[in-house]
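Written out below as structure tokens is the structure these notes cover.
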Amino acid sequence: MASTSDIEWTEQTWNPTTGCTKVSAGCKHCYAEVMANRLQAMGTPGYENNFKLTLQPSRLNQPLLRKKATIYFVNSMSDLFHEDIPDSYLDKVFDVIDLTPQHTYQILTKRADRLPKYFTNRKCPPNVWLGVSVEDIKHGIRRIDYLRQVNAHIRFLSVEPLLEDVGKLNLSDIHWVIVGGESGHRARPMKKEWAESIRDQCEDAGVAFFFKQWGGWGADGVKRAKAHNGRELSGKVWDNYPVVSI
Ligand code: SF4
Numbered sequence: 020m021a022s023t024s025d026i027e028w029t030e031q032t033w034n035p036t037t038g039c040t041k042v043s044a045g046c047k048h049c050y051a052e053v054m055a056n057r058l059q060a061m062g063t064p065g066y067e068n069n070f071k072l073t074l075q076p077s078r079l080n081q082p083l084l085r086k087k088a089t090i091y092f093v094n095s096m097s098d099l100f101h102e103d104i105p106d107s108y109l110d111k112v113f114d115v116i117d118l119t120p121q122h123t124y125q126i127l128t129k130r131a132d133r134l135p136k137y138f139t140n141r142k143c144p145p146n147v148w149l150g151v152s153v154e155d156i157k158h159g160i161r162r163i164d165y166l167r168q169v170n171a172h173i174r175f176l177s178v179e180p181l182l183e184d185v186g187k188l189n190l191s192d193i194h195w196v197i198v199g200g201e202s203g204h205r206a207r208p209m210k211k212e213w214a215e216s217i218r219d220q221c222e223d224a225g226v227a228f229f230f231k232q233w234g235g236w237g238a239d240g241v242k243r244a245k246a247h248n249g250r251e252l253s254g255k256v257w258d259n260y261p262v263v264s265i
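Residues in the sequence shown are numbered from 20 upward in steps of one, following our numbering.
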């Protein structure tokens, strides 16, 4: 089975593909790449190809075996809409999602341009929360427009790692925004004002706001261990989720 997740806003991970290639600034210190290196070194099944994009058909049935309603983060170790994953394989993934309405699937991509094309031929299932990464203006903003074109039940933005002030966001038809700073030794800093601006925009627009973490740099602009920087923004923990009504 998929392992228990340590991602704050989900319950389990399901990786029907593994591996990826870098597409934008947010990929620079890719956590999945580091993990794939480690898992290969440990001889973990499924990581024989390290970080090379690999279909994992033997994992397709994992959610079918789990009866308990579960929130799955799909592809913590890959990008489901990677250009090397054929539509026919995506169909298999979405067949499983359709067959397991008891579960919720959170799918996050940086290949947002593929979303409207794929979902032209197939309805996005109601138990999918579909999201795009918005780490900066150059790569992130256009992804939101692609996401908006898909008739997903919940549309969300993962603004992580937040690398600059992304300015005024168009949050129409967006239900949830997650903001976080980068972790790790080489973490790039996130400024308090950048995160607060997004929080304020979400409040104004009535969009659920989740502040995941500061990461490697604190609210005071000092670099230290992630655990010491906490999860408070402006003196408060922001743990809001979108309202789901199916
Ligand atoms: S898209 Fe995601 S998984 Fe792929 S390289 Fe970038 S950060 Fe890593």
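The beta-carbon is built from N, C-alpha and C at its ideal position, and this holds for glycine as well.
Would you call the CB atoms of L252 and E222 closer than 8 Å?
no
Among G65, G199, P120 and T32, nearest to V153 - alpha-carbon criterion
G199
Start-end ranges of the beta strand (DSSP E) lying completely within the stretch 136-198, minimum 3 residues
147-152 and 173-178
Could you pull the DSSP bridge partners for I104 from this structure?
Per DSSP, none; premise fails for I104.
For G249, I'd like the list of residues in its chain whose CB is within less than 7 Å of its CB, leaving aside the five on either flank, ordered along the chain.
W233
DSSP on E251, reduced to helix/strand/coil?
strand
Could you please give me the residues that DSSP links to T32 through a beta bridge?
F92
Check each candidate in F138, A224 and R207 and name the one with the smallest Cα separation from S191.
A224
May I have the straight-line CA-CA distance separating T73 from G254, to the nearest angstrom?
43 Å
Helix, strand or coil at A246 [DSSP, three-state]:
helix
Give the residues whose C-beta lies closer than 5 Å to at least one heavy atom of the ligand SF4, in chain order.
C39, K41, C46, C49, A51, D98 and K129
For the alpha helix (DSSP H) containing A214, name the first residue and the last one.
K211 to A224
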